[in-house]
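Q: Numbering-wise (my numbering), the sequence shown opens with residue 1 and increments by one. Take this structure, written in structure tokens, and hold onto it; I'll ask about it next.
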Amino acid sequence: MTSRLEDAVRRSSAGTPYTVVPTDDGFDLRLDLADAQWWGAFNRAGLRTSFTHEVRVHGDRFVITDVARTVEWVAGSPRIAASAAVERGRIKRVGFQRTYALGDDLRPQKVVDHSFSSETGRRLIEDAAAELGLRQAMPLEQRIALAMAGLAVGGLVIGGLVVLVLWLAGVL
């Protein structure tokens, strides 16, 4: 089933800045920042984050894990610096940039008009999977985050009940 989903995503991502890369346990759909066709648009928009959607198929279910890698280079006198960050799980990012400048006729003209959504690549995978009858499951990172949130809420509720009982008993 993995190869059928991989082929379907490859077909639907043709002509987009996304590329399908096979892996040992599935495939990745990557935002190809190095593709010459898209480099100019990404560079003008200041995009410094590469998105990868890791796809794993298990029977009739599939899991998408979003991975965002951010790289920033700063060069200039008197310093050169670099930083990098990686996020994994369910990531939603939306951004846009519009830049205007005066043209030769001294009228404002749109120079840069770019928008980005991390959901675009995810939608390519989800649509292809739906056509194949696959159902989506949560990635491990997302399940862990939900469990931790549940524990935090449970702890707050128990703490609140303890304080309420102590207050009603006149201890507080």
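Cβ coordinates follow ideal geometry from the N, Cα and C atoms, glycine included.
1) Can you say whether residue 100 is buried or exposed, counting buried as having 16 or more other CB atoms within 10 angstroms of its CB?
2) Are the beta-carbon atoms of residue 9 and residue 91 separated by less than 8 Å?
3) Count the other C-beta atoms from every protein chain shown that fall within 10 angstroms of the C-beta of residue 13, then say buried if there are 16 or more, exposed otherwise.
4) How is residue 20 classed by DSSP in three states: helix, strand or coil?
5) What residues are listed by DSSP as bridge partners for residue 29?
6) CA-CA distance, residue 27 and residue 110?
7) Under a three-way DSSP split, which group does residue 157 fall into?
8) Classify residue 60 as buried or exposed, calling it buried when 16 or more other Cβ atoms lie within 10 Å of its own Cβ.
9) Does the beta-carbon of residue 157 have 16 or more other beta-carbons within 10 angstroms, so that it is buried, or is it exposed?
10) With H, G and I counted as helix, E and B as strand and the rest as coil, what does DSSP make of residue 106?
11) If I follow the unbroken alpha helix (DSSP H) through residue 137, where does it start and stop?
12) What are the boundary residues of the alpha helix (DSSP H) that residue 123 is part of?
13) Kindly indicate the opening and closing residues of the alpha helix (DSSP H) around residue 171.
14) Expressed to the nearest angstrom, what Euclidean distance is found between the alpha-carbon atoms of residue 45 and residue 94?
A: So, to answer that:
1) Here residue 100 is exposed: its Cβ has fewer than 16 other Cβ atoms, across all protein chains shown, within 10 Å.
2) No. Outside cutoff.
3) Label assigned to residue 13: buried.
4) Strand.
5) Answer is 20 and 53, bridged to residue 29.
6) Spanning the two alpha carbons is a distance of roughly 38 Å.
7) Residue state, collapsed to three classes: helix.
8) Residue 60 counts as exposed, since fewer than 16 other beta carbons sit within 10 angstroms of its beta carbon.
9) Burial check for residue 157: the Cβ neighbour count within 10 Å stays below 16, so the residue is exposed.
10) Coil.
11) If you look at residue 137, you'll find it isn't in any alpha helix (DSSP H); it sits in the beta strand (DSSP E) that goes 135-137.
12) Note, residue 123: alpha helix (DSSP H), 119-131.
13) Neither: residue 171 is in no alpha helix (DSSP H) and is coded neither H nor E.
14) Caution applies to residue 45, whose pLDDT of 49 falls short of 50 and renders its modelled position unreliable; the model cannot decide the point.
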